[in-house]
Amino acid sequence: MKSRLCKVLKNDSGSIAIEAVIGTLMILACLVVIMDLLVITWKSNLTAQVSTKVARQVGIQGGYRLKAPNGFPGGENAYTNPRELGAMITEQFRAMGIADGNWEMIITGEDGRQYVYNATSTPVTGEYDYQQIIKVEVRLRYQWEMSQMMLPMLRGRTYTLTSKRTTISEWKYDYDNWANE
Amino acid sequence: MTTGRMNNRMKSTLQNEDGMMTIWYVIIGLMLALMISGMLTSFMKFRAINEMQGTLDVAGVAALRFAVDENAFRDGELKVNESVVITKFRSLIELSELERAIKANSLHITARVINVKQGQDLSHVPGGSGLLSSKDRAQVYLVSEAYMTFTTLSELDKIIMTRLNYYDFFQSRASEISINGTNADGEYEVVVRSVSRLVLR
Numbered sequence: 001m002k003s004r005l006c007k008v009l010k011n012d013s014g015s016i017a018i019e020a021v022i023g024t025l026m027i028l029a030c031l032v033v034i035m036d037l038l039v040i041t042w043k044s045n046l047t048a049q050v051s052t053k054v055a056r057q058v059g060i061q062g063g064y065r066l067k068a069p070n071g072f073p074g075g076e077n078a079y080t081n082p083r084e085l086g087a088m089i090t091e092q093f094r095a096m097g098i099a100d101g102n103w104e105m106i107i108t109g110e111d112g113r114q115y116v117y118n119a120t121s122t123p124v125t126g127e128y129d130y131q132q133i134i135k136v137e138v139r140l141r142y143q144w145e146m147s148q149m150m151l152p153m154l155r156g157r158t159y160t161l162t163s164k165r166t167t168i169s170e171w172k173y174d175y176d177n178w179a180n181e
Numbered sequence: 001m002t003t004g005r006m007n008n009r010m011k012s013t014l015q016n017e018d019g020m021m022t023i024w025y026v027i028i029g030l031m032l033a034l035m036i037s038g039m040l041t042s043f044m045k046f047r048a049i050n051e052m053q054g055t056l057d058v059a060g061v062a063a064l065r066f067a068v069d070e071n072a073f074r075d076g077e078l079k080v081n082e083s084v085v086i087t088k089f090r091s092l093i094e095l096s097e098l099e100r101a102i103k104a105n106s107l108h109i110t111a112r113v114i115n116v117k118q119g120q121d122l123s124h125v126p127g128g129s130g131l132l133s134s135k136d137r138a139q140v141y142l143v144s145e146a147y148m149t150f151t152t153l154s155e156l157d158k159i160i161m162t163r164l165n166y167y168d169f170f171q172s173r174a175s176e177i178s179i180n181g182t183n184a185d186g187e188y189e190v191v192v193r194s195v196s197r198l199v200l201r
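Protein chains in written order, with the working numbering: chain X, 1 to 181; chain Y, 1 to 201.
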């Protein structure tokens, strides 16, 4: 019995196959991490683009109201209403393969009131009068989708990418009331 | 006799192929690890550039618009208070809380305002720069540059970008921003340039 066990243990045949399997798995894990990194880079790029665009627009329009304010240059056609904005952002995130529940956008006015949006809500905001500060924040939750199959420490973990922009409202709602006058 | 045995042993060691695969895997594994490290560095750099560019662009236009002299504007004149532009620009960048997104070791931002008056000779400016338009209009520019440094492996620090080339359409010549960084010190430098403009229409 003992000598048979010794024989089995000392037998080298098939050891290269085991080495090959372990080595290949390690290389595969590395490649998968690289693939995931590329995807996350693209997601971060998208978050940056969306927050920049929304910040610029919310500044020009002085918020997202259901109707364009009186006298808005170009009228209703030039004004991006909340429904158009919501559809645009949702579509962009969906095109990147980001699930509806995995992103949100937060617009905060100078008064500290926060408006939180996601794929199911329409981004209506308050009115941000001339020269008020507006903060736009886009949050994106992501996972190491392929890597977590090979690396247990990443399994089920969610990370967040945040992109913040600060701007100033350029739209005057209350024409009868100017500072310094 | 002893030398002969030694020679034989050495020969058999050199000809032995046990563990050959392991050596290959270790080499490939090391290369891939270096590659991942390099890609992580590029990701950080890419993200920092994106975030910085977006923040500078948004803050630049907002700061220019904020500093417009309302009284001169009613008279159809474009006038901005330069110190107000710079102060507001910096405060907007601070409010954007970039530290968390870019995780830079050091960050330094420079900004300057350039006025282009109505009737100014712009014949030296090439088309496509956005400076020329069919109508002669007064414009104000805010040019800002952000310098950031990050930590990386010194092996990866050899591929740094030490200068940023661009066409300076204000002076009508090719220009560059050089970074006084050193190779292989484990710190890499990134520079982002942004130009915002406000046009009187």
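Even for Gly, the Cβ is constructed at its ideal location relative to N, Cα and C.
Neighbourhood of Gln57(X) by C-beta distance below 7 angstroms, restricted to the same chain and skipping five residues each side: Thr80
Members of the region 95-118 of chain Y near chain X, C-beta cut-off 7 angstroms: Leu95, Ser96, Glu97, Arg100, Ala101
CB contact flag (Ala146(Y), Met52(Y), <7 angstroms): yes
Closer than 7 angstroms to chain Y by CB, Ile60(X): no
Interfacial residues, the region 99-132 of chain X to chain Y, with Cβ spacing under 7 angstroms: Gln131
Cross-strand partners of Phe150(Y) (DSSP beta bridge): Tyr188(Y)
Neighbour flag for Thr22(Y) against chain X, beta carbons, 7 angstroms: yes
Distance between beta carbons of Ala63(Y) and Leu92(Y), contact taken as under 8 angstroms: 6 angstroms
Spatial neighbours of Ile40(X) in its chain, beta-carbon cut-off 7 angstroms, leaving aside the 5 residues before and after: Tyr142
Contact set between Glu51(Y) and chain X, taken where Cβ atoms lie within less than 7 angstroms: Ala48, Ser163
The region 127-140 of chain X touching the region 9-22 of chain X, judged by at least three CB pairs closer than 8 angstroms: no
Where the region 14-25 of chain X meets chain Y: residues whose CB sits under 9 angstroms from a CB there: Ser15, Ile16, Glu19, Ala20, Ile22, Gly23, Thr24
Cβ-Cβ distance between Pro123(X) and Leu151(X) below 7 angstroms: no
CB contact below 7 angstroms: Cys6(X) versus chain Y: no
C-alpha gap between Asp176(X) and Tyr117(X), whole angstroms: 32 angstroms
With 16 other Cβ atoms within 10 Å as the buried cut-off, status of Ile23(Y): exposed
Extent of the continuous beta strand (DSSP E) to which Met105(X) belongs: 103-108
Proximal residues, the region 164-178 of chain X versus chain Y, C-beta separation under 7 angstroms: Lys164, Arg165, Thr166, Thr167, Ile168, Glu170
Residue(s) in a DSSP beta bridge with Thr110(Y): Glu145(Y)
Sufficient close CB pairs (3 or more, under 8 angstroms) joining the region 35-50 of chain Y to the region 29-46 of chain X: yes
Coil, strand or helix - Ser194(Y) by DSSP: strand
Beta carbon of Asp100(X) nearer than 7 angstroms to that of Ala119(X): yes
Touching by the beta-carbon criterion (3+ pairs, under 8 angstroms), the region 130-140 of chain X and the region 102-112 of chain X: yes
Beta-carbon proximity list for Ala59(Y), same chain, < 6 angstroms, skipping 5 on both sides: Phe89, Leu92, Ile93
Own chain, CB closer than 6 angstroms to Tyr25(Y), minus 5 neighbours either side, in chain order: none
6 angstroms CB neighbourhood of Phe93(X) in its chain, flanking five on each side removed: Trp103
CA-to-CA distance, Gly59(X) to Thr55(Y), given in whole angstroms: 13 angstroms
Cβ shell of Gln139(Y) (< 6 angstroms), same chain only, five flanking positions each side left out: Val116, Arg197, Val199
Nearest candidate by alpha-carbon position, reference Trp144(X), set Ile98(X), Ile133(X), Gln132(X): Ile98(X)
Bridge-paired residues (DSSP) for Thr160(X): Arg141(X)
Separation of Ser42(Y) from Tyr188(Y), as counted between CA atoms: 11 angstroms
Residue-level contact to chain X via CB, Met10(Y), 7 angstroms cutoff: no
Integer Cβ distance of Ile28(Y) from Ile27(X), believed to fall under 8 angstroms: 6 angstroms
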